[in-house]
Each structure stands twice: as C-alpha cells, then as structure tokens.
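Residue numbers (our numbering), protein chains in the order written: chain S, 1 to 116; chain H, 117 to 225. Quick notes on the structure that follows.
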Amino acid sequence: GAVVSQHPSWVICKSGTSVKIECRSLDFQATTMFWYRQFPKQSLMLMATSNEGSKATYEQGVEKDKFLINHASLTLSTLTVTSAHPEDSSFYICSARDGGGGIEQYFGPGTRLTVT
Amino acid sequence: GQQVMQIPQYQHVQEGEDFTTYCNSSTTLSNIQWYKQRPGGHPVFLIQLVKSGEVKKQKRLTFQFGEAKKNSSLHITATQTTDVGTYFCSSDSWGKLQFGAGTQVVVTP
C-alpha cells in the first residue's frame, strides 16, 4: 500500500518556540492531506485540510495563526505549531488519499510533541 | 460534519471469545469506515461500507452497515492477542474523517 511518512517522530520543545512537522507521501501524489491531533486515550480530531497550492481550511475552533499549514508540493505538507504551550503537547498525525481515486486514507506514523 | 458515537469505549476480552463494537449516528451516513490503531501506532484502514444493509467479512472480522445507514458494527470472532488495539469508526465526507471515540480492546490469554 501507499506510504506516508512524518518527521520528526517525536520532538520536545520549550514553551514559546515553534515546531515544524513534515508529512510526505512517498509513493503517490496527494493534492489533499489532512492533519489530526490525538490526546492520550482519545480519538483523532481533524484540525485542518491541507490543499496543494492553496490555503488550508481549518476546522472550527482551530487557530489558523497558531497552526500554520503549508502544502507546497504534491508530496509534502508541513504543520508549524507557533509559540507552543504545554497544552499543545499531543500526538499529531497526517493522512492522505491517493489521488488515483482510492477510498483508503493512509496515515503517517505520527509526531509526538511535548512542550515543556 | 457527520458525527458518530461509538460503544463501548473499552472492551476486555478473553482470548477465543467474540465481541462486537457499535457505531451510531443521529443522521444518515453516506458511508462508514473502520480503522484499527495499535498501541503507539497510527490508524490503519480496515474497510469502507457504503450500501444500506451491507455486510463485509475479513477473516474473523464482520462489518455491517445498518439498513437506515445510521449505524454500523464490527464483530470479531475467536479473538486473538493480535486483535489488541483501538477500533475506530469514522464517516468520510470529501476525504475528511470524523472519528468516533473508539473502542479500546484488551485481550487476555
């Protein structure tokens, strides 16, 4: 099946700093990617839809100025958590669907962010 | 979006037993997808159901979509330790997935 990678797999940063997370589709092109956040023992919550070559669309309650999304190519989307705070500590996961028309969504391995 | 509720949130199963997890919505769903997330891992797609009353099987897993397309179930027979993980149902709307709370399954030998 298709592969989605994420980097880094985990990161620890200090409060007030910014962190960039990369999501790559390795063997397919994805015009659309999705970013989710998952707190311990909770479900995945959709944060935003990343669109190649255009602005991301954010779900209600997600601050677009805090979670900057850039989708510069058909295989790469980035999520930057700006001015991170301890409450931003979470598991961030991206997903993508093969643009060839498949229904299956492929998830990246996730990035564990800890803000101290 | 189309919200889905999932029960139970926790399922403790003896190896060899069967169990079922349920997914319900107050609105008609266009489709339902099921994912499995192993501890520390990421969600992995299992199946999608689209048609009213649809039933699909994958070895020991049986997926069902209700006649009214408002509920779905996942039934696992003869549970094995490899079935450990959290099972999520989700509705797919233009690629955007709205996940249920998930059923965390623990299997004891």
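Here a beta-carbon is modelled for each residue, glycine too, at the ideal position from N, C-alpha and C. As the structure is a computational prediction, the values presented were derived from the model and not from experiment.
Whole-number beta carbon distance between residue j and residue i, since they are thought to touch under 8 Å
{"i": "S117/S", "j": "T82/S", "result": "Given a span of 1 to 116 for chain S in the structure shown, any question on residue 117/S remains unanswerable."}
{"i": "F179/H", "j": "I163/H", "result": "5 Å"}
{"i": "V4/S", "j": "G110/S", "result": "Between G110/S and V4/S the Cβ distance is about 10 Å, and since that is not below 8 Å, they are no contact."}
{"i": "N140/H", "j": "D208/H", "result": "About 17 Å; that fails the 8 Å criterion."}
{"i": "D199/H", "j": "V223/H", "result": "6 Å"}
{"i": "M33/S", "j": "A96/S", "result": "5 Å"}
{"i": "T193/H", "j": "Q122/H", "result": "Not confirmed; about 20 Å, so no contact."}
CB contact below 8 Å: residue i versus chain H
{"i": "G61/S", "result": "no"}
{"i": "P40/S", "result": "no"}
{"i": "F34/S", "result": "yes"}
{"i": "L74/S", "result": "no"}
{"i": "I129/S", "result": "The requested residue 129/S does not occur in the structure, where chain S is confined to residues 1 to 116."}
{"i": "Q29/S", "result": "no"}
{"i": "L44/S", "result": "yes"}
Limits of the beta strand (DSSP E) - the one that residue i falls within
{"i": "G182/H", "result": "Note, G182/H: premise wrong, no beta strand (DSSP E); not H, not E."}
{"i": "I69/S", "result": "F67 to S73"}
{"i": "G201/H", "result": "G201 to S209"}
{"i": "R97/S", "result": "S90 to R97"}
{"i": "Q6/S", "result": "V4 to H7"}
{"i": "T224/H", "result": "T219 to T224"}
{"i": "L213/H", "result": "K212 to F215"}
{"i": "P159/H", "result": "P159 to L165"}
{"i": "S25/S", "result": "V19 to S25"}
{"i": "H128/H", "result": "Y126 to Q130"}
{"i": "Q123/H", "result": "Correcting the residue identity first, residue 123/H is Ile in this sequence and not Gln. First-last of the beta strand (DSSP E) with I123/H: M121 to I123."}
{"i": "Q174/H", "result": "V171 to Q174"}
{"i": "V81/S", "result": "L76 to V81"}
{"i": "T198/H", "result": "Taken as a continuous stretch (DSSP letters only), T198/H belongs to no beta strand (DSSP E), as it is neither H nor E."}
Chain S contact for residue i (CB, 8 Å cutoff)
{"i": "F215/H", "result": "yes"}
{"i": "Q164/H", "result": "yes"}
{"i": "F179/H", "result": "no"}
{"i": "P225/H", "result": "no"}
{"i": "G211/H", "result": "yes"}
{"i": "G201/H", "result": "no"}
{"i": "T159/H", "result": "The identity of residue 159/H in the sequence shown is Pro, whereas the question assumes Thr. Chain S contact via Cβ: present."}
Closest by C-alpha distance to residue i, when choosing among the options
{"i": "R112/S", "options": "Y36/S, L74/S and S25/S", "result": "Y36/S"}
{"i": "C94/S", "options": "H71/S, D65/S and G61/S", "result": "H71/S"}
{"i": "G169/H", "options": "P159/H, A184/H and K175/H", "result": "A184/H"}
{"i": "Q6/S", "options": "F39/S, T57/S, S25/S and M47/S", "result": "S25/S"}
{"i": "Y126/H", "options": "F215/H, T202/H and K175/H", "result": "T202/H"}
{"i": "T159/H", "options": "Q149/H, V166/H and T144/H", "result": "As written in the sequence, residue 159/H is Pro, which differs from the Thr given in the question. Per the Cα distances, Q149/H."}
Those residues which DSSP pairs with residue i across a bridge
{"i": "N51/S", "result": "T32/S"}
{"i": "V11/S", "result": "L113/S"}
Cβ-heavy atom distance, residue i to the ligand HEM, below 7 Å
{"i": "K14/S", "result": "By its list of ligands, the structure shown contains no ligand whatsoever, and the ligand HEM lies outside what it can speak to."}
8 Å Cβ cut-off: residues of chain A touching residue i
{"i": "H191/H", "result": "This model lacks chain A altogether, as its protein chains are S and H."}
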